[in-house]
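Just add 109 to wherever you are in the first sequence, counting from 1, and you've got the numbering used here. Glycine included, each C-beta is placed from N, C-alpha and C at the ideal position.
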Amino acid sequence: MLDIKFIRENTDLIIQNCQDRRTKVDIHGLLKLDDQRKTHQQLLDSKRSELKSSSKSKPTPEKIAQLKQLSQSIKELEEQERQILEKFYDQLSKVPNLTHKDSPIGEEADFNVLYKNMEPKKFDFTPKDHLELFESKGLVDFKSGSKVAGHKSYFAKNELVHLNNALIQYGISVLAKNSITDIYETPDFALKSMLQNAGFNPRGDSDEIYNIEGEELSLIGTSEITMLGYYANEVVDLSKGPKIFAAISKCFRKEGGSYGRTSKGLYRVHQFSKLEIFAICKPEDSEQIHEKIKNIELQIVDGLEIPYQLIDIASADLGGAAYRKYDIEAYMIMKGDEQNQGDYGEITSTSNCLDYQARRANIKYVDANGKKQFAHTLNGTAIVTSRLPIALAENHQDQDGNIHIPKALQEFTKFKQI
RNA sequence: GGAGAGAUGGCAGAGUGGUCGAAUGCGACGGUCUUGAAAACCGUUAGGCUGGCAACGGUCUCCAGGGUUCGAAUCCCUGUCUCUCCGCCA
């Protein structure tokens, strides 16, 4: 969330930003709630003060009757305060983060293409999509997956399992080359309050999040949640530089209502594994670290020899927390239509959230003046199973339906092709 | 899963109904002393919200949420976590 004082002092900017982000929030209403909150607090404080000063020693019986009344009115005021605060924070948390000056303003499709590594291969045969390729080799089984775990679940088998493991190991090795050696395996579920810290809403009818019945727990959609939680309410020591981690977890997503060609096969599934990059840093370092994470992602995908485009996400598609977001989209046959052989589909995403998440999760560091300040947080995908195998299979297939394993991956698996 | 014990400031650890945001010790920081350091001594040492130009105030926070009471770190209930014992288990 943003600082209410900042919103007050930059109201026009915030209102414009909400428009750019296609987010409907009543900023003037929010400021009124803030006024209400303050006035109410002053009233409550003065009542409390009165009661407190009378409670320092035993009062006379006549006095007690008065104090009872006072105490009662405080309870009523406290109840009102709860309601005001609930409304206030509900509204405040809807205000999206600021937007980087270079992020394109516009709808989801208005992203900027920053870089393309190569032209997609022109196949001199009709290329298959990953589902055909994997199913023909018996490497993926959606039928059994659905039987066991419902729609869109699957069993990965044999070479695909080895490929997934090799990808993770490959990702870890690239991170290590970039001096990211701290690696955490996180819980795959977390308290709902932790999801909210990260800007997810596990309450109500979520289309995205699996809640665990009878528990205050949800399955995580990304280890960003657990990593943020790890540092929630902590003062992080950044005196020796930023904290940059790798985190491994399963990711669970409901993906409510997504059917059809563009989410075919492994593209949109309920469960996958992810090697994530997560960073906490001082405000002055976050842009540079964002570039660094982006470059690591490029290295990873370069090594896989997959055609891709790097895009700067447009304002309407940034979500609530990101200040700037880069996605890498790989060329995929499955994304094609009658006109095009294939098209680009997201495989990684890295966000700079500034102090938006840290403010809610209360993650601080000590600045040069010894003052505690909110840190900046960033995250980015290193490796994601399911989507990377799509890109590998569809771009490295031959006429016989074999999939060639790129050289960089061969170090981590015995297969040269599958 | 059962039985018991516990959760207090950066850390350790007092505090079982009123003047307690909280003794004491350690650590940290500042100062005196010293050529410098150590020791000793003196002092400072939570965060949020909020009022005020400021000086300086108000209030909240002793795991969390409820409750009892004129008044709660202290009493009651629920939950979370930690430890010990038993059970079960990879």
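*Go ahead and label residue 78 buried or exposed: buried means 16 or more other beta carbons lie within 10 angstroms of its beta carbon, across all protein chains shown.*
This structure cannot settle anything about residue 78, because the visible part of the chain is limited to 110 through 527.
_What would DSSP say about residue 485, mapped onto helix, strand or coil?_
strand
*asked:* The beta strand (DSSP E) that contains residue 222, what's its start and end?
replied: 221-225
*Going straight from the alpha carbon of residue 255 to that of residue 495, what length do you get?*
Taken atom to atom, the span from the alpha-carbon of residue 255 to that of residue 495 is near 16 Å.
*Could you name each continuous beta strand (DSSP E) segment of 3 residues or more that falls completely within the region 110-171, going from the start of the chain to the end?*
Whole beta strand (DSSP E) segments, 3+ residues: zero.
_In this structure, how does DSSP classify residue 473 when only helix, strand and coil are distinguished?_
strand
*For residue 260, count neighbouring C-beta atoms within 10 Å of its own C-beta (all shown protein chains included) and say buried if the count is 16 or more, exposed if not.*
exposed
*Ignore the nearest five residues each way along the sequence and tell me which others in residue 276's own chain have a CB closer than 6 Å to its CB.*
492, 497
*Which residues bound the alpha helix (DSSP H) around residue 301?*
Per DSSP, residue 301 belongs to the alpha helix (DSSP H) from 301-306.
_Counting C-beta neighbours from all protein chains within 10 Å, is the total for residue 173 16 or more, i.e. buried, or is it exposed?_
Answer is exposed; the Cβ neighbour count stays below 16.
*Taking Cβ to Cβ, would you say residue 207 is nearer than 7 Å to residue 432?*
yes
*Taking residue 126 as the reference, which of 344, 373, 411, 205 has the closest Cα?*
205
*Between residue 505 and residue 513, what straight-line distance do the alpha-carbon atoms span, to the nearest angstrom?*
5 Å
_residue 163 versus residue 182 - alpha carbon distance_ = 15 Å
*asked:* Please report the distance separating the alpha-carbon of residue 422 from that of residue 212.
replied: 7 Å
*Simplified DSSP state of residue 335, which is helix, strand or coil*: helix
_Other residues of its chain near residue 358: CB distance less than 8 Å, five sequence neighbours each side excluded_ = 294, 295, 296, 297, 329, 331, 332, 335, 382, 383, 385
*Could you name the residues of the same chain whose beta carbon sits closer than 8 Å to that of residue 193, not counting the 5 residues immediately before and after it, in chain order?*
142, 145, 146, 149
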